[in-house]
Ligand SMILES: [Zn+2]
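Residue numbers (the numbering used here): 7 to 127.
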């Protein structure tokens, strides 16, 4: 093997590794917070923008959603079990915080696929 061939192979391997890392990174980190009430999309918020949002669940249900430093968390609620408040903050694609009494679901979603589609068009 010539020296140039070895360099070429190394370059290809580095690019392949970088591509795999990028794909894994894209999968892990969602970038949208989707709030659903009673199975319907109620609000979509960007995960990278700090905000506090009050979710009106079914009936008198209220959940206080806080997005901070790239994490989404339910910090307060008026449901009887408070399980949603106890759940850990979420930031990964597909993770959810569920409040059964208020029928509220907070879900992390990734819009990276959509962005790729937009570039391709
Ligand atoms: Zn709850």
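Even for Gly, the Cβ is constructed at its ideal location relative to N, Cα and C.
Item                                                                                                    : Value
DSSP-derived helix/strand/coil call for residue 121                                                     : Reliability fails at residue 121, whose pLDDT of 48 lies under 50, so the model's placement of it is uncertain and the value that follows must be treated cautiously. Residue state, collapsed to three classes: helix.
Simplified DSSP assignment, three categories, for residue 127                                           : For residue 127, the pLDDT reaches just 48, beneath the cut-off of 50, and the residue's location in the model is therefore unreliable, leaving the point undetermined.
Spatially closest choice to residue 66 from 76, 110, 45, by CA coordinates                              : 110
Close Cβ partners of residue 86 (< 7 Å) along its chain, the five nearest in sequence each way excluded : 107
Contact belief for residue 95 with residue 78 at Cβ below 8 Å, rounded distance in angstroms            : 6 Å
Option in 55, 46, 114 with minimal Cα separation from residue 64                                        : 46
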